[in-house]
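Trainee:
Chains as they are written, first to last, in this note's numbering: chain A, 1 to 106; chain S, 1 to 241.
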């Protein structure tokens with residue numbers, strides 16, 4: 001289930017942030033960008049945002065809704081939610097293992 | 001900023017262009033964002049996620065008229081120069097060449113580009129300028145005025161044609177084909193004018209070698225149009241066609 005993000009390559013990280021952002025509801029480009037920057041504390045450029053959106057849309061992890069004026073919202077699909085859950089679970093397990101090992105080393 | 005968006009492929013712009021511009025209107029791009037957009041455009045070209053697919057289109061009267069005129073124009077154009085070359089004919093070639101140029105100029109901009117150019121005003125302007133060029137050719141200009149007047153019109157008219165071709169709502173390959181057909185016109189017009197005044201400067205074989213392919217190319221394009229091409233395009237949203 002983690003493969004769809006794995007094959008996205010260098011856009012996997014921004015894609016994960018975008019999926020996480022859309023997990024609370026549909027958002028258009030600017031709202032996604034602002035939310036991802038708030039979640040990650042990093043910068044998300046417009047070129048990277050749309051490169052990731054195009055990949056996620058092509059893989060059926062998100063879908064475009066009817067545009068509101070020129071702003072088109074995107075929402076998470078069922079597949080996208082499953083992939084996000086699997087990714088976050090993997091990260092959680094990784095973090096738990098890492099913290100346990102760090103604790104053992106002290 | 002719109003200049004940077006133009007770096008993206010046409011299919012990408014058709015799918016994401018509006019919302020991308022809206023995003024940049026909401027949050028003006030910094031220098032870092034501009035670099036990111038350039039890299040994004042490069043990625044969109046190297047790893048296209050959105051493609052356009054040709055769509056079969058009904059061949060209408062417009063297509064048949066435009067195609068037929070382009071074929072006839074190209075045929076008369078090529079035949080005239082070929083006859084000159086084969087039988088070394090000397091005489092006034094202005095009438096057949098004028099008819100050929102008229103047919104060619106009126107075919108694509110008049111009945112085709114005007115219908116498919118975006119916005120329509122560009123196609124209409126190309127049509128109007130083509131008519132103006134044709135009309136100017138019929139006026140008995142004094143030798144002092146003929147070069148500047150026809151030279152300027154000969155550059156503006158084909159320039160508008162090229163612009164209309166560039167903005168036509170047709171497949172990219174066909175757009176390039178039309179551009180290649182329209183862009184040589186200013187050069188062709190200049191050479192013909194010079195040849196008319198100082199024939200020794202432009203040898204006939206050179207003129208024929210230069211202009212025959214142009215006529216053949218117009219015939220080929222006319223045939224393509226009359227058969228229902230160039231094609232319009234659709235953009236595959238979120239998928240590859």
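We put the CB at the ideal spot given by N, CA and C, even for glycine.
As the structure is a computational prediction, the values presented were derived from the model and not from experiment.
Ordered along the chain, which non-local residues of its own chain (more than five positions away) have a Cβ less than 6 angstroms from that of residue 49 of chain A?
Mentor: 33
Trainee: Tell me which same chain residues have a C-beta within less than 6 angstroms of the C-beta of residue 64 of chain S, skipping the five on either side of it?
Mentor: 226
Trainee: Would a check of beta-carbon distances place residue 41 of chain S closer than 8 angstroms to chain A?
Mentor: yes
Trainee: Compare the beta carbon distance of residue 212 of chain S and residue 47 of chain S with 8 angstroms and say whether it is the shorter of the two.
Mentor: no
Trainee: Whether or not the stretch 62-72 of chain A and the stretch 21-39 of chain A are in contact is what I'm after, with contact meaning three or more pairs of Cβ atoms, one per stretch, closer than 8 angstroms; do they touch?
Mentor: yes
Trainee: Write down the C-beta distance between residue 38 of chain S and residue 4 of chain S rounded to the nearest angstrom, noting that I regard them as a contact closer than 8 angstroms.
Mentor: 7 angstroms
Trainee: Please confirm whether residue 51 of chain A has its beta-carbon closer than 8 angstroms to some beta-carbon of chain S.
Mentor: yes
Trainee: Find the residues of chain S that neighbour residue 48 of chain A, judging by a C-beta separation of less than 7 angstroms, and give them in chain order.
Mentor: 36 and 40
Trainee: Report the residue from A:95, A:11 and A:99 whose alpha carbon sits nearest the alpha carbon of residue 45 of chain A.
Mentor: A:11
Trainee: Between which two residues does the alpha helix (DSSP H) harbouring residue 56 of chain A extend?
Mentor: 46-58
Trainee: Are residue 71 of chain S and residue 222 of chain S touching if we call contact CB-CB under 8 angstroms?
Mentor: yes
Trainee: Run down chain A in chain order and give the residues with a C-beta less than 9 angstroms from the C-beta of residue 44 of chain S.
Mentor: 47, 50, 51 and 54
Trainee: Hey, could you find the ends of the beta strand (DSSP E) residue 8 of chain S is sitting in?
Mentor: No beta strand (DSSP E) holds residue 8 of chain S; DSSP gives it neither H nor E.
Trainee: So, with DSSP's three-state summary, where would you put residue 45 of chain S?
Mentor: helix
Trainee: Between the beta-carbon of residue 43 of chain A and the beta-carbon of residue 45 of chain S, is there less than 8 angstroms?
Mentor: no
Trainee: What first and last residue would you give for the alpha helix (DSSP H) that runs through residue 22 of chain A?
Mentor: 12-22
Trainee: Starting from residue 71 of chain S, follow its DSSP beta bridges and name the residues at the other end.
Mentor: Per the DSSP secondary-structure output, residue 71 of chain S pairs with nothing in a beta bridge.
Trainee: Compute the Euclidean distance between the alpha carbons of residue 132 of chain S and residue 17 of chain A, then round it to the nearest angstrom.
Mentor: 58 angstroms
Trainee: Can you look up residue 81 of chain A in the DSSP assignment and give me helix, strand or coil?
Mentor: helix
Trainee: For residue 32 of chain S, return the contacting residues in chain A, with the cut-off set at a CB-CB distance below 9 angstroms.
Mentor: 43 and 45
Trainee: Which residue's Cα is closest to the Cα of residue 60 of chain A: A:95, A:19, A:38 and A:89?
Mentor: A:19
Trainee: Using the rule of at least 16 other Cβ atoms within 10 Å of the residue's Cβ for burial, across every protein chain shown, is residue 60 of chain S buried or exposed?
Mentor: Exposed, because fewer than 16 other Cβ atoms sit within 10 Å of the Cβ of residue 60 of chain S.
Trainee: Under the rule that 16 or more other beta-carbon atoms within 10 Å means buried, what is residue 155 of chain A, buried or exposed?
Mentor: The structure shown does not extend to residue 155 of chain A, since chain A is modelled only from 1 to 106, so the question has no answer here.
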